[in-house]
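In what follows, a single structure is set out as structure tokens and then discussed.
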Amino acid sequence: MERLVKAFQNSVRAFSRLIRTEAAFQQEVMLLVVALPLGWFVAGTWGGYALLIGSILFLITVEVLNTGIEAACDAVSREFNIDIQLAKDCGSLAVLISIVIVLGIWGFAIVERMLGFPI
């Protein structure tokens, strides 16, 4: 149980730091806050709602991992290094792919809602 409490404390510390210092994380959390009620009106089912919200939580998860990669790289060296650049670029690409997934899921859900039937 003690391990779970410490893990929770570490997670709260990370969330607190990211929400104060990382603009992308702040924007994605605000997106989640807006999506929670909006997703209810867009989704036709509980499963659809879970998919809509889950896609944004997935994006936030990838953003957190990307920030961790960047922090680790910066701790190793702030000087230019081609391998560090690749690591940071791959993290950025992962975030971009996650954004495309969110846009695709929300786009399909909105089109389905507008047409009145699943596509």
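Per full-length UniProt numbering, residue 1 is the first one in the sequence shown, and the count goes up by one each step. Quick reminder that beta carbons are idealized off the backbone N, C-alpha and C, glycines included.
Taking the beta carbon of E28 as the centre, do at least 16 other beta carbons fall within 10 Å, making it buried, or is it exposed? Your numbering for residue 28 matches position 28 in the sequence shown. Per the 10 Å Cβ criterion, buried.
G39, buried or exposed, once every other Cβ within 10 Å from all chains shown has been counted against 16: Taking the sequence shown and counting its residues from 1, the one referred to as residue 39 is at position 39. Buried: at least 16 other Cβ atoms inside 10 Å.
Measuring CA to CA, which of I99, L103, G116, N66 is closest to L86? Against the sequence shown, residue 86 aligns to sequence position 86. If we check each option's Cα against that of L86, N66 comes out closest.
C-alpha distance - V42 paired with E79, whole-angstrom precision: Numbered from 1 along the sequence shown, position 42 holds the residue referred to as residue 42. Numbered from 1 along the sequence shown, position 79 holds the residue referred to as residue 79. For V42 and E79, the gap between their C-alpha atoms comes out near 47 Å.
Please give me, in chain order, every unbroken run of the alpha helix (DSSP H) with length at least 4 that falls completely inside the stretch 30-87. 46-76
Which of the three DSSP states, helix, strand or coil, is assigned to E2? Residue 2 sits at position 2 when you count from the first residue of the sequence shown. Helix, per DSSP.
Which residues in the same chain have their Cβ closer than 7 Å to the Cβ of V62, if we skip the five residues on either side of it in sequence? Your numbering for residue 62 matches position 62 in the sequence shown. Only A94, V95, S98 meet the Cβ criterion.
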